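Novice: For reference, the structure I am asking about is given below.
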Amino acid sequence: MTITLYGIPNCDTVKKARTWLDDQEIAYTFHNFKKDGITQQLITTWLADVAWDVLINRKGTTWRGLSEQRRTSITDGVSATPLMIELPSIIKRPVLFTGKRTYVGFSDELYQQIFNQ
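Just so we're aligned, residue 1 is where the sequence shown starts under the UniProt record's numbering, counting upward by one.
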């Protein structure tokens, strides 16, 4: 199983997810999407498992910093994708791709379910 954890390294939730994976000795690749970027193909893969409105972090400062017109124009995966490419910090973190499925966010319970710990 090829596992990739997407996020930014200074995000507290990403740090918790990385620590959990390390503590369980689960091998993974970390993809810093601010530094390494995000592609349309990658977002399309995520959208196969996760709704666009789950991927968009509407509580963060990036979303709140958008104009009202821009926020109201984001209505589906098609309109959300360019926004996520342009402003990767608008993506809720972390995004975990197990090679089979995409998950968003972190909790000990969620990761235990994913990895059947």
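Where a beta carbon is used, it is the ideal one built from N, C-alpha and C, also for glycine.
Remember, predicted model here, so these are calculated numbers, not experimental data.
Quick check on this structure: which residue in Ile85, Leu87, Ile91 has the alpha carbon closest to the alpha carbon of Asp53?
Specialist: Ile91
Novice: Starting from the C-beta of Ile26, find all residues in its chain whose C-beta is less than 8 angstroms away, skip the five residues before and the five after it, and write them out in chain order.
Specialist: Ile3, Phe115
Novice: Helix, strand or coil, according to DSSP, for residue 133 in the structure here?
Specialist: This structure cannot speak to residue 133, because the chain is shown only from 1 to 117.
Novice: For the 8 angstroms Cβ check, are there 3 or more pairs between the region 42-49 and the region 57-73?
Specialist: no
Novice: Going by the CB atoms, is the gap between Val50 and Val14 shorter than 7 angstroms?
Specialist: Result no, Cβ atoms of Val14 and Val50 do not sit closer than 7 angstroms.
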